[in-house]
Structure formats: C-alpha cells, structure tokens
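Asks: I have a structure I would like to understand better, so I am pasting it below and will then ask my questions one at a time.
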Amino acid sequence: DYSNIEQIPDRGRIAEQLFRRALSYGPTERAYLGLGLLRQRDRDIPGAVDIVSEGLKYFPHSEGLNICLGTNYMNQGRFSEALRILHQFEQSPQALHHIAVCYQALGDPKNEAAFKKRAQVLENGRNTSKKP
Numbered sequence: 516d517y518s519n520i521e522q523i524p525d526r527g528r529i530a531e532q533l534f535r536r537a538l539s540y541g542p543t544e545r546a547y548l549g550l551g552l553l554r555q556r557d558r559d560i561p562g563a564v565d566i567v568s569e570g571l572k573y574f575p576h577s578e579g580l581n582i583c584l585g586t587n588y589m590n591q592g593r594f595s596e597a598l599r600i601l602h603q604f605e606q607s608p609q610a611l612h613h614i615a616v617c618y619q620a621l622g623d624p625k626n627e628a629a630f631k632k633r634a635q636v637l638e639n640g641r642n643t644s645k646k647p
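Be aware that the sequence shown starts at 516, since it is given in the numbering used here, and climbs by one per residue.
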C-alpha cells in the first residue's frame with residue numbers, strides 16, 4: 516500500500532524490506548509476488564524468476580505468481596515456457612492477453628487472434644456484469 520504514496524522516499528527499498536520481513540515469519544504469497552514484481556521492475560528478470568519460483572513451491576496454484584513467472588519468461592524470450600504456465604489461467608483476461616502476445620512473438624497469428632478475442636469477450640462480460 517505504501518508504494519502508491521509518492522511522498523515516501525525510496526518506496527521500493529521500503530517495500531522490499533517489508534516483504535522480506537513478512538517472509539521471515541513464514542511463506543506469504545503476497546510477499547513473494549511483491550518481491551518478484553520489484554525485481555521485474557528493476558529489470559532483474561533472473562532474480563524475479565528465482566523469487567517467484569520459490570513462492571510457487573508454497574503456492575503452486577497462485578494466479579498472480581504464475582502470471583508473474585510467465586511474464587518474466589516472456590521478458591527472456593521464453594515464449595513456449597510462458598505459454599505452458601499461462602494456459603492454466605485462461606479464465607483471466609490478463610493471462611489471455613499475455614497468451615496472445617506469446618503467440619504473436621511465436622508467429623502464430625491464428626492463435627494470437629483467438630486469444631485476443633477471448634480476452635476481450637471475458638473482459639466485456641466482467642464489465643457488463645458489474646452493477647453501477
């Protein structure tokens with residue numbers, strides 16, 4: 516939550532300290548994801564893969580950790596590996612978007628278009644089902 520308060524100097528360092536403190540008490544999905552996203556933001560993709568993979572040992576079905584790992588694989592050009600992970604979460608518009616990007620990178624316009632459409636349909640369904 517502190518990361519959104521711009522007046523706090525060096526928010527990333529503070530967030531990392533808090534995530535690490537949380538992990539010192541035990542495995543915490545949110546802390547692993549937070550550290551992974553910080554590594555990803557800092558372009559330390561191997562470090563992000565390591566911390567997210569560690570979190571997945573404790574939380575193998577975590578959508579957030581899996582999507583984070585998939586996007587890190589994408590950042591490394593490992594699109595087939597990313598697809599293997601992302602296809603587990605086809606109910607997620609975010610995962611579907613990343614799947615489409617992977618197919619684009621792999622030169623598969625048919626699957627790219629199909630997954631873009633599925634993401635759009637799913638997102639539109641979620642937006643229309645929300646009450647004002």
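Backbone N, C-alpha and C define an ideal beta-carbon position, used for all residues, glycine too.
May I ask which residues mark the beginning and end of the alpha helix (DSSP H) holding S514?
Replies: In the structure displayed, the chain extends from 516 to 647; residue 514 sits before or after that span and is not available.
Asks: On the three-state DSSP scale, how would you describe S539?
Replies: In the sequence shown, the residue the question calls residue 539 occupies position 24. It is helical.
Asks: Would you decide whether H576 is buried or exposed? Buried here means 16 or more other CB atoms lie within 10 Å of its CB.
Replies: As a first step, residue 576 is located in the sequence shown; it is residue number 61 there, counting from the start. Exposed.
Asks: With burial defined as no fewer than 16 other Cβ atoms inside 10 Å of the residue's Cβ, what is the status of G541: buried or exposed?
Replies: Here residue 541 is taken as the residue at index 26 of the sequence shown, counted from 1. Result: exposed.
Asks: Hey, quick one: how far does the alpha helix (DSSP H) through I560 stretch, first residue to last?
Replies: Indexing the sequence shown from 1 puts residue 560 at position 45. Where I560 is concerned, the enclosing alpha helix (DSSP H) stretches over 560-573.
Asks: If you reduce the DSSP assignment to three classes, tell me which class L611 lands in.
Replies: Position 96 of the sequence shown, counting from 1, holds the residue named residue 611. L611 falls in the helix class under three-state DSSP.
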